[in-house]
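Taken in order, these protein sequences are the chains called Z and F. Numbering follows my numbering, in which position 97 of the first sequence is assigned residue number 97; successive positions increment by one, without gaps. Each position in the second sequence, counted from 1, maps to that position plus 121 in my numbering. For glycine and all other residues, C-beta sits at the position ideal for the given N, C-alpha and C.
Number of protein chains: 2
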Amino acid sequence: MAVEVINFKDKLTLFGEQWSPKIIAQLNDYHFKLAKIQGEFVWHSHPETDEVFIVVEGAFEMQLTDGGLHLKAGEMCVIPKGVEHRPVAAEECAILLVEPAGTVNTGDAQSDLTAPHDDWI
Amino acid sequence: MAVEVINFKDKLTLFGEQWSPKIIAQLNDYHFKLAKIQGEFVWHSHPETDEVFIVVEGAFEMQLTDGGLHLKAGEMCVIPKGVEHRPVAAEECAILLVEPAGTVNTGDAQSDLTAPHDDWI
């Protein structure tokens, strides 16, 4: 496998859909996925895995059942497995997700926002 | 486990050593580690795992046996397991490493640059 430079801004020009994570890299059996988010996502959790959110551009709120966290570019958080959460972004925000390959964006929730989990760009 | 905001710039103020990765987050059995690098590292590989490098501040060259890649802030690369590599930075650069917990910075190389692999900040 050739080693290549992956530029986040360049990759972000390749898609427009919101709430539809795009895989940009694989580390063993983990995927790195860029997503554009705006508005309110659905409350959900991932019973099988932790999930990392890194803000690449903009800012968003990670709502938790006991409050919320405000994250901006240059910040990250880890949502432990089983913890209910809902990302909400007043303006469009670009995030980098790190999670096991096959992780579904809406986790255990039934939602129209469920997106493919194997969409490479 | 409480969910918290992890700010890269704030974390970078907490240490000064170069080539000594500091763990800032855990995702399942993976660690996210900040490191400050400058100068030439040692040639090495990790026979057991891929390794992700994300540039947080500055720029560096990832030397490979068949050439090299130039990476700057906002860019990342994946070094596949077993691939010989050597990071080199003309000026101090801050990187975020993602790799399995317990991964040693110098991999399979004998080197004075081997650092602890369990150093949280």
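- Per the Cβ contact rule, the segment 95-111 of chain Z is in contact with the segment 40-58 of chain Z (3 or more Cβ pairs under 8 Å).
- Its chain contains Y30, H31, K33, H46, T49, D50, E51, V52 as the residues whose beta carbon lies nearer than 8 Å to that of Z:E99, once the 5 sequence neighbours on both sides are disregarded; these appear in chain order.
- Per DSSP, F:K143 is one residue of the beta strand (DSSP E) stretching across 143-148.
- For the segment 37-50 of chain Z, residues whose beta-carbon sits nearer than 8 Å to a beta-carbon of chain F comprise T49, D50.
- By the Cβ criterion, the segment 174-182 of chain F is in contact with the segment 211-219 of chain F, since at least three pairs of Cβ atoms, one from each stretch, lie closer than 8 Å.
- Contact with chain F is found for Z:K9, since one of that chain's Cβ atoms lies less than 8 Å from the residue's Cβ.
- In the DSSP annotation of this structure, the continuous segment of the alpha helix (DSSP H) that includes F:K132 starts and ends at 129-133.
- Using a C-beta cut-off of 8 Å, the segment 190-209 of chain F makes no contact with the segment 127-139 of chain F, since fewer than three inter-stretch Cβ pairs fall below that distance.
- According to the DSSP assignment, Z:V3 belongs to no beta strand (DSSP E), since it is labelled neither H nor E.
- Scanning F:I200, F:N128, F:K143, F:H238 for the CA closest to the CA of F:T224 turns up F:H238.
- Under the 8 Å criterion on CB atoms, F:C198 is classed as interfacial with respect to chain Z.
- Z:A73 and Z:A59 have their C-alpha atoms spaced approximately 6 Å apart.
- When Cβ-Cβ separations below 8 Å define contact, Z:N105 makes no contact with chain F.
- Residue contact check for Z:L27 against chain F: a CB pair falls below 8 Å.
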